[in-house]
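Residues 164 to 278 in the working numbering are what the sequence shown spells out, letter by letter.
Cβ atoms here follow ideal geometry from the backbone N, Cα and C, with glycine treated the same way.
All values derive from a computational prediction rather than experimental measurement.
A short write-up of the structure that comes next.
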Amino acid sequence: MYQEHDMDMALTEYMDKIQASYNQFQGKTNDWLKSVNSGFEPEREQLNITFVRGSKFFKCVVNGSAHSFICRKAHDKWKVGDVLMAASWAQPAKNFVRGNVLTQTYLNPVRWTGV
């Protein structure tokens, strides 16, 4: 569990969860490729994950696409660290919280394709 001043560490751990999800997906794909093409060893790809700081949210961008939004400061019904799904490039889906990076609790496992 992190405090608000530990947001950088919480975001780094969130980024690691996204990459781990992708690595698991790649492992399954690589196993299939190895079985089809004996001896073929595909390279592991690293995702390009960045956080763009906005006035209310950090936007998590994965390979050029909006992945999710993380609350920077408490407002409306959101707490600091709340994770919201991306509704578009510029807006979070404000229907419900998918988790919180500070408490490391998530409604579902963090996936590289989105929360």
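So, at 8 Å on beta carbons, what are the nonlocal neighbours of residue 256 in its own chain, with the 5 sequence-adjacent residues on each side left out?
As a working mapping, residue 256 is identified with position 93 in the sequence shown. Result list for residue 256: 247, 248, 249, 250, in chain order.
Report the CB separation of residue 245 from residue 263 in whole angstroms; it is logged as a contact under 8 Å.
Start at 1 with the first residue of the sequence shown, and residue 245 comes out as number 82. Start at 1 with the first residue of the sequence shown, and residue 263 comes out as number 100. Yes, they are in contact, since the Cβ atoms of residue 245 and residue 263 sit about 5 Å apart, within 8 Å.
Outcome for residue 172 when other beta-carbon atoms lying within 10 angstroms are tallied against a minimum of 16
Counted from its first residue, the sequence shown places residue 172 at position 9. Exposed, since its Cβ has fewer than 16 Cβ neighbours within 10 Å.
Which listed residue (211, 243, 167, 278) has its alpha carbon closest to that of residue 261:
What you label residue 261 is simply residue 98 of the sequence shown in a count that begins at 1. Checked all of 211, 243, 167, 278; the closest Cα to residue 261 is 278.
What's the C-alpha gap between residue 166 and residue 265?
Working through the sequence shown from its first residue, we reach residue 166 at position 3. Working through the sequence shown from its first residue, we reach residue 265 at position 102. Straight-line Cα distance between these residues: approximately 6 Å.
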